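Protein chains in written order, with this note's numbering: chain A, 1107 to 1468; chain B, 75 to 505; chain C, 36 to 316.
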């Protein structure tokens, strides 16, 4: 991704890909897992990868790296159920906990041996740590935090779109002369695909080829998070969010009140989090969480793109803003132009009444 | 801690003028600015007076960021839907060297500040001077809000703007009287260069200034203005703070209405509003000037209330007073004299000799008179506009009848006695 | 102990606006700031220096204006600052940037051996988080990203123990020096600059390195030439064809607006009541 000041002119030259690189074929998705669970982002990417592979007419492969045992094989089957044609499996005790060195070596070895044209990794802490190292080792291009992936059939290349300039605009980035073309995507940006338990595929094994002594970093301990009481926005069905239009931290209580009545999670925009009104986990937006709830209520939020890309795929968006020209009204489902400080409590009361009537009826 | 020859508090026009002049003369100068960078605390969109700057940096035109040189000045007296205006446009103003320019303060102040640093002054930003360090009555240094922030100097020049809390704290400056200060708000609207030029009938680099008075300030004492920049328009309005408090309206509301005025709206149509800022402007004039020098200190610029509200001149007075303050210090140093109050009286002398004090003295009655006579902001604009409308509408009524009607309106609203009194007041104010 | 901290000067993206007609970036008056994520890394490095002694050198690759960011770092307490600037670097993506920075770091190493490199987790203008890992790879150093705490530095045995944020918990890792660390945001709070450091920052004779001084050996690896990724287009998001349905009632009372909204909402999405009722108290 160009970190330059001005976007360069579009690449118009016809690409003469080095024949060695032209031989790279296939779309790969790195299957990330921790403590027996595959991170959903890997499946979201698998769904996306399937579309890309179909467009290119090539195979889709999942990459599973882990300890020997049934668990890894289980992940391979799942990958295939989610759309992969095959799975590359690297099993080794050294891969028990994520460490940069063995995972980087393992993944780059696989790439060098089996030569995919596209490699997708989820933009998690693990993914970002791994992707940067792998891209540098392979001396190839990496586009991070993509919001859209497509194939440019003229070059058979990956067109990766992501926000730029603070999220005000979008840009499309291509890696024309290097392979594999790497991209990371944040969780929940792509939709979860359907699972087909009848799908079959093959598994290709490949050894890691390292010894513990050669790996310098050691994992001394793993301290799991206490998830009790921690916000779980990514998978919430209903979210009530507040932005700068709430004006004062005391007013944010109105958001909490509405969320309570709906059994919803509370979210916020970046300025609210930076001001310390709520914890960072509640930030929705380009540099926060991407969410796709059934109902998203945005109070006092202007709808600038930094926030928009984090929630615009919600089923229903209700926007409350005192400015009739706020961009949020361009893409919300319903809008109320008014002072959030009076509208939000009115909604709370209306929902409360409606739900109690529904409960009595139902 | 380090000791300097001079400490200048503030990196606005007066502070920069002072620091530059001192540094160029070889003195060890420290300049302290509370904003992130010089200009960050100053309001956008302004007029630069070449004369004042020329006397400090003669070749400023070479690399200073200048928007447009002013070739036309308009004065509008507004009613609700109309205005009576006068225009002065001159080919003379289009001959170099140009006399006035529009500038964008954030860029200009940055440029000026670079000159100051190149001249050898040490600039520290993001640091607020919270107190003056006193030895008895004598100022011997400043206390900045950082660890180890006590710094000493032979002279401290207070150039920290209209809100000079320092001066207030040290007792040199009474609390600002809302009657002596205006609250102004400005917006910058972005328009393509060609649009600006077509709309205002100007060529590349040429600029227009429109000063406005009348119903737009809803009876309060104040003015509106519009400047053309290269690719934007600055539009604003300001009124006495005391009036705002009384009327219970906000400057922002005033500006919104002004922008909707049928004569003004088309001028800003299609623009994208980028910046909205508010600022206090000293307007008390001559009578509100506080103590401006003492043992170990001098005051310049807005902090000293050096603003000629009648002609909307502030930054040139700021630069001039900053320069004169510096020249005072340089003169005393050359003569080996100490920075005592008695010796620093030289500053006042220099100010009195210059246009600065002379102009302020000339208009010293104006604020008082205008404040007690709101008819100048309401009745007269109305009458003038009605008169113009009447004379310019061809409707079958003979001109003599029209004139009689106009006279009757004026006398009716103001009475003959009132009209004469108003004329007298205006004469007094301008004398 | 010698720590090199890599920082970047970025436009304050919160203030960037797009021209509604031309879709170009309006750069006028957008202030440049030190990438906020870099400040956490810098503060962490300064704390380690406070505890164990030594020096902190700040390094940045950028245009001449980036000088301001480096002086800011000095004002916080960094000892030295180097700006790597050259027209040849223009157009660099993260691969080219990590090459340039790694070369510069190798040059620094020649004068004073380096024990640790700190870098920001990511930039607010690129968000890629790739440069840190890239530098580590090129210098063959161990990489520790998302570090939330430095538990212990053992200079004698050349080891470091850190806490690293993983998806569901915290990893405690031990590795050897030299290593590269990126620090998780919120880990610390930047200190206030002292007056004497402010003076030092204003007076500091900044070291400026062009591509020769930075030790760039292979010119095809920097700038546009060395950047595998190319921006093929920049565009504004397409406006959604259907805008929001604005709820309007005669009275415009909040209560009426709310009730009308709910009526429409539940007519359009009857199942929503069930979804809400599932989680509601």
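Glycine is no exception: its CB is placed at the ideal position from the N, C-alpha and C atoms. For clarity, every value in this text was computed on a predicted model and none was experimentally measured.
Buried or exposed: which applies to residue 1168/A, given that a residue is buried once 16 or more other Cβ atoms fall within 10 Å of its Cβ?
Its Cβ being crowded by 16 or more others within 10 Å, residue 1168/A is buried.
Please determine if the segment 176-187 of chain C and the segment 118-126 of chain C are in contact, where contact requires at least 3 C-beta pairs separated by less than 8 Å.
The segment 176-187 of chain C, when compared against the segment 118-126 of chain C, does not touch it at the 8 Å Cβ threshold.
Is it true that the segment 1311-1318 of chain A meets the segment 1193-1201 of chain A, where meeting means three or more beta-carbon pairs spaced less than 8 Å apart?
A contact exists between the segment 1311-1318 of chain A and the segment 1193-1201 of chain A.
Span of the alpha helix (DSSP H) holding residue 165/B?
Neither: residue 165/B is in no alpha helix (DSSP H) and is coded neither H nor E.
Using 8 Å as the cut-off, can you tell me whether the segment 215-227 of chain B makes contact with the segment 262-281 of chain B, which would need three or more C-beta pairs spanning the two stretches below that distance?
They do not touch, by the three-pair rule.
Under the rule that 16 or more other beta-carbon atoms within 10 Å means buried, what is residue 227/C, buried or exposed?
Classification of residue 227/C: exposed, given that the 10 Å Cβ count is below 16.
How many Å lie between residue 1324/A and residue 114/C at the Cα?
Each residue's alpha carbon lies about 32 Å from the other.
Looking at chain C, which residues of the segment 1145-1165 of chain A have a Cβ within less than 8 Å of any of its Cβ atoms?
Answer in chain order: 1145.
Cβ of residue 170/C within 7 Å of Cβ of residue 105/C?
Not in contact: residue 170/C and residue 105/C (Cβ atoms no closer than 7 Å).
Could you tell me whether any Cβ in chain B is nearer than 7 Å to the Cβ of residue 113/C?
No, its Cβ sits nowhere closer than 7 Å to a Cβ of chain B.
Strictly by DSSP, which residues pair up with residue 23/B?
Past the boundaries of the shown model lies residue 23/B; chain B is included only from 75 to 505, so the question cannot be answered.
For residue 1276/A versus residue 316/C, is the C-beta spacing smaller than 7 Å?
Contact flag unset, no.
Within the same chain, show all residues whose beta-carbon is closer than 6 Å to that of residue 1458/A, passing over the 5 residues directly before and after it, in chain order.
Excluding positions up to five away in sequence, the list reads 1367.
So for residue 1381/A, helix, strand or coil by DSSP?
Note: residue 1381/A maps to coil in three-state DSSP.
Going by Cα to Cα distance, which pick from 1389/A, 1351/A, 1322/A and 1263/A is closest to residue 1123/A?
Checked all of 1389/A, 1351/A, 1322/A and 1263/A; the closest Cα to residue 1123/A is 1263/A.
Near residue 1115/A, what residues of its chain come up, given a Cβ to Cβ distance below 6 Å and the 5 sequence neighbours on each side ignored?
Residue placement at residue 1115/A is poorly supported in this model, since its pLDDT is 46, which falls under 50; the coordinates still yield a value, given next. So no residue of the chain qualifies.
What would DSSP say about residue 236/B, mapped onto helix, strand or coil?
In the structure shown, residue 236/B sits in coil (DSSP, three-state: anything other than H, G, I, E or B).
Of all Cβ atoms in chain A, is any one closer than 7 Å to the Cβ of residue 246/C?
No, because no Cβ of chain A sits closer than 7 Å to the Cβ of residue 246/C.
Mapping DSSP to helix, strand and coil, what is residue 194/C?
Residue 194/C: strand per DSSP, three-state reduction.
Taking Cβ to Cβ, would you say residue 1151/A is nearer than 7 Å to residue 1133/A?
No.
For the beta strand (DSSP E) that contains residue 1327/A, what are its first and last residues?
Unbroken beta strand (DSSP E) run through residue 1327/A: 1324-1330.
Around the Cβ of residue 1107/A, are there at least 16 other Cβ atoms within 10 angstroms (buried) or fewer (exposed)?
Any reading at residue 1107/A needs caution, since the residue's pLDDT is 37, under 50, leaving its predicted position unreliable; the model's value is listed next. Residue 1107/A is buried by the Cβ-count criterion.
Of all the options 124/B, 144/B, 181/B and 230/B, which has the alpha carbon lying nearest to the alpha carbon of residue 370/B?
For the residues 124/B, 144/B, 181/B and 230/B, the minimum Cα distance to residue 370/B belongs to 230/B.
Where does residue 1423/A sit, in a helix, a strand or coil, going by DSSP?
Residue 1423/A: strand per DSSP, three-state reduction.
Measure the alpha-carbon distance for residue 237/B versus residue 357/B and round it to whole angstroms.
Rounded to the nearest angstrom, the two C-alpha atoms are 13 Å apart.
Is it buried or exposed, residue 1113/A, if we count other Cβ atoms within 10 angstroms and call 16 or more buried?
Reliability fails at residue 1113/A, whose pLDDT of 45 lies under 50, so the model's placement of it is uncertain and the value that follows must be treated cautiously. Buried, by the Cβ-count rule.
Just the chain C side, please: which residues come within less than 9 Å of residue 196/B by C-beta, in chain order?
In chain order: 234, 237 and 238.
Do the CB positions of residue 239/C and residue 109/C come within less than 7 Å of each other?
In this structure, residue 109/C lies closer than 7 Å to residue 239/C by Cβ.
Excluding sequence positions up to five away, which residues of its chain have a Cβ less than 6 Å from the Cβ of residue 107/B?
Closer than 6 Å at the Cβ level, and outside the excluded window around residue 107/B, lie 85 and 199.
Run through DSSP, which three-state label would residue 310/B get?
DSSP places residue 310/B in strand when its eight states are reduced to three.
Is residue 322/B near the ligand COA - that is, is its Cβ less than 6 Å away from at least one heavy atom of it?
As for the ligand COA, it is missing from this structure, which has no ligand bound.
Quick check: what's the CA-CA separation for residue 183/B versus residue 436/B?
Between residue 183/B and residue 436/B, the C-alpha separation is close to 30 Å.
I want to verify the contact list: residues of chain B whose CB lies under 7 Å from the CB of residue 229/C, in sequence order.
Under the 7 Å cutoff, chain B gives 220, 221 and 222.
Look at the alpha carbon of residue 1240/A and the alpha carbon of residue 137/C, and state the distance between them as a whole number of angstroms.
Computed Cα separation, rounded: 16 Å.
In angstroms with no decimal places, state the Cα-to-Cα distance between residue 479/B and residue 459/B.
Going by the C-alpha atoms only, they are around 13 Å apart.
Helix, strand or coil for residue 78/B, going by three-state DSSP, please let me know.
In the structure shown, residue 78/B sits in a strand (DSSP, three-state: E or B).
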